[in-house]
Amino acid sequence: MSSSAVASKRLFHEYRTLTNDPPEGITAGPVNEDDLFLWEALIQGPEGTPFEGGLFPAELKFPKDYPLAPPKMKFTCDIWHPNVYPSGDVCISILHPPGDDPNHYEHASERWSPIQSVEKILISVMSMLAEPNDESPANVDAARMWRERRSEYEKIVRENVRKGLGL
Amino acid sequence: MPEQSLNIPQLLAVLLITFFAIRWYISPSTTTHSSNSSARQRRGPRPEQIEQIAQMFPQLDRRSIGWDLARNGGNVGATTERILGRGLDVPPLNFQLPAVSTASPSTSSTPSSRHNPAASQPKHPDLITRYNLGSKVNAPVEEKEDISAGKKPAWSGDKAKRQAELQKRKEEMILKARQKMLERVEKERKGEGS
Numbered sequence: 001m002s003s004s005a006v007a008s009k010r011l012f013h014e015y016r017t018l019t020n021d022p023p024e025g026i027t028a029g030p031v032n033e034d035d036l037f038l039w040e041a042l043i044q045g046p047e048g049t050p051f052e053g054g055l056f057p058a059e060l061k062f063p064k065d066y067p068l069a070p071p072k073m074k075f076t077c078d079i080w081h082p083n084v085y086p087s088g089d090v091c092i093s094i095l096h097p098p099g100d101d102p103n104h105y106e107h108a109s110e111r112w113s114p115i116q117s118v119e120k121i122l123i124s125v126m127s128m129l130a131e132p133n134d135e136s137p138a139n140v141d142a143a144r145m146w147r148e149r150r151s152e153y154e155k156i157v158r159e160n161v162r163k164g165l166g167l
Numbered sequence: 001m002p003e004q005s006l007n008i009p010q011l012l013a014v015l016l017i018t019f020f021a022i023r024w025y026i027s028p029s030t031t032t033h034s035s036n037s038s039a040r041q042r043r044g045p046r047p048e049q050i051e052q053i054a055q056m057f058p059q060l061d062r063r064s065i066g067w068d069l070a071r072n073g074g075n076v077g078a079t080t081e082r083i084l085g086r087g088l089d090v091p092p093l094n095f096q097l098p099a100v101s102t103a104s105p106s107t108s109s110t111p112s113s114r115h116n117p118a119a120s121q122p123k124h125p126d127l128i129t130r131y132n133l134g135s136k137v138n139a140p141v142e143e144k145e146d147i148s149a150g151k152k153p154a155w156s157g158d159k160a161k162r163q164a165e166l167q168k169r170k171e172e173m174i175l176k177a178r179q180k181m182l183e184r185v186e187k188e189r190k191g192e193g194s
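Protein chains in written order, with UniProt numbering: chain C, 1 to 167; chain E, 1 to 194.
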């Protein structure tokens, strides 16, 4: 009970910060304030990448012991990216708790800790869109295409961007 | 005779094994398999049910809803409770929604994303459909000049106002992005033409 109260308080605070001072290209907040543990975010595709101009909705599910444990993030749109599972689940080091990486791909400093925040996650995901991490792909097909057939990869990404905006 | 006394248990064992082998061979094809597939056909999720839940929880993916309904035999109440409780599971990749043309009643100006049976990726409705912005798409976005200038979204002390403000910000963001993309598409088309 108390840990969930701590989490609610922190999430509410982060919501306020993000509302008053939103980072460029990011809008995020609880789907419904009655449940602070489920958020929706809209992330703009970074400029100079095939994701440019796109808007990508994602949901964030926070655990009751947030910020000790990281949230889970999932894109709720079609997104073709080496670090996003076909289900939409995002695989990025900041969403992994420290000590959770048996392969030691990631430095502890890149991973989740209570000093991180929703804002930092969303910004990291934005830069992940621009620069996929090839080391441990979540979508193997997308990763292979990104490596070997870049123009085809970019074409799919651009198509998804337009479809996502209903064009 | 030692040879014969050895042979009888061996014979028995062979008979026993054959018996079980035949039984195992026959039973899965007659009982479990057929009842399984008929149950699935009978009680698969109906599109109306998925639609009903998707309207209550627009943030959810229709495939996840369909998957949950498929598993609980099309029980809308149970799925709703699960969503409110611990949330839905991610459906397996090979799970397909029943093929229907999900023509959304509210928005007619945009083609809703169709379910492509060949694609292994889940299909999501576009943002215009999801946010019900069909009616606002063609209206000019009010004065986009001050995209960067001022107009800081202030935090409201009132919960309902905050909620409405957030919704408005998201809608504006979507409409602006669409507008920009539309301009870009047209520019490209012109560039190709000339």
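Virtual Cβ for every residue (Gly too), placed ideally from N, Cα, C.
Which bits of chain E does residue i rub up against, with CB to CB less than 7 Å?
i, result
"C77 (chain C)", "H124"
"V31 (chain C)", "Q59"
Between residue i and chain C, is the shortest Cβ-Cβ distance under 8 Å, so that the two count as touching?
i, result
"H115 (chain E)", "Bear in mind that a pLDDT of 39 at H115 (chain E), under 50, signals an unreliable position, so the number given afterwards is only what the model happens to contain. With 8 Å as the cut-off, H115 (chain E) does not count as an interface residue toward chain C."
"A164 (chain E)", "no"
"residue 222 (chain E)", "Since the first and last residues shown for chain E are 1 and 194, residue 222 (chain E) lies out of range."
"V185 (chain E)", "yes"
"I53 (chain E)", "no"
"K161 (chain E)", "no"
"L127 (chain E)", "yes"
"L97 (chain E)", "no"
"L12 (chain E)", "no"
Going by DSSP in three states, residue i sits in which element: helix, strand or coil?
i, result
"F95 (chain E)", "coil"
"P30 (chain C)", "strand"
"K190 (chain E)", "helix"
"L55 (chain C)", "strand"
"E47 (chain C)", "coil"
"W39 (chain C)", "strand"
"residue 168 (chain C)", "Shown here, chain C extends from 1 to 167; a query on residue 168 (chain C) therefore has no answer."
"F57 (chain E)", "coil"
"V90 (chain E)", "coil"
"D89 (chain C)", "strand"
"S35 (chain E)", "The predicted position of S35 (chain E) is uncertain, since its pLDDT is 41 and thus under 50; a value taken from the coordinates is nonetheless stated next. In the structure shown, S35 (chain E) sits in a helix (DSSP, three-state: H, G or I)."
"K123 (chain E)", "coil"
Chain C partners of residue i, CB-CB under 7 Å?
i, result
"residue 196 (chain E)", "The shown model of chain E, from 1 to 194, leaves out residue 196 (chain E), and the question about it has no answer."
"R169 (chain E)", "T27"
Residue i versus chain E: which residues are under 8 Å apart at the beta carbon?
i, result
"Y16 (chain C)", "According to the sequence displayed, residue 16 (chain C) carries Arg and not Tyr. Simply W155."
"L11 (chain C)", "Per Cβ cutoff of 8 Å: no residues; L11 (chain C) is ~13 Å from chain E at best."
For residue i, which residues in chain C fall below 9 Å Cβ to Cβ?
i, result
"G87 (chain E)", "L38 and K61"
"T79 (chain E)", "Here the premise fails: no neighbours, minimum Cβ distance about 17 Å."
"R178 (chain E)", "L55, L165, G166 and L167"
"L15 (chain E)", "Those within 9 Å of L15 (chain E) in chain C number zero; the least Cβ separation is about 50 Å."
"L93 (chain E)", "P86 and S87"
Determine, for residue i, whether the minimum Cβ-Cβ distance to residues of chain E falls below 8 Å.
i, result
"P86 (chain C)", "yes"
"N20 (chain C)", "yes"
"T27 (chain C)", "yes"
"R163 (chain C)", "For the sequence presented, residue 163 (chain C) should be read as Lys rather than Arg. Output row for K163 (chain C): interface = yes."
"G53 (chain C)", "yes"
"G166 (chain C)", "yes"
"L95 (chain C)", "no"
"L42 (chain C)", "yes"
My understanding is that residue i touches residue j, with C-beta atoms under 8 Å, so please give their C-beta distance in whole angstroms.
i, j, result
"P98 (chain C)", "S113 (chain C)", "6 Å"
"W155 (chain E)", "R16 (chain C)", "5 Å"
"K61 (chain C)", "A7 (chain C)", "In fact, because the Cβ distance is near 12 Å, the residues do not count as touching under 8 Å."
"residue 184 (chain C)", "P50 (chain C)", "What is shown of chain C runs 1 to 167, which leaves residue 184 (chain C) out entirely."
"P47 (chain E)", "P98 (chain E)", "6 Å"
"L165 (chain C)", "L42 (chain C)", "Not a contact, Cβ separation roughly 12 Å."
"E33 (chain C)", "Q163 (chain E)", "6 Å"
"L166 (chain E)", "G29 (chain C)", "5 Å"
Taking C-beta pairs closer than 9 Å, name the residues in chain E that residue i reaches, listed in chain order.
i, result
"residue 189 (chain C)", "Residue 189 (chain C) falls outside the range modelled here, since chain C spans only 1 to 167, and no answer is possible."
Mind pulling the chain C residues with CB within less than 8 Å of residue i?
i, result
"M56 (chain E)", "Neighbours of M56 (chain E) on chain C: none; closest Cβ ~12 Å, over 8 Å."
"I174 (chain E)", "L42, L55 and L165"
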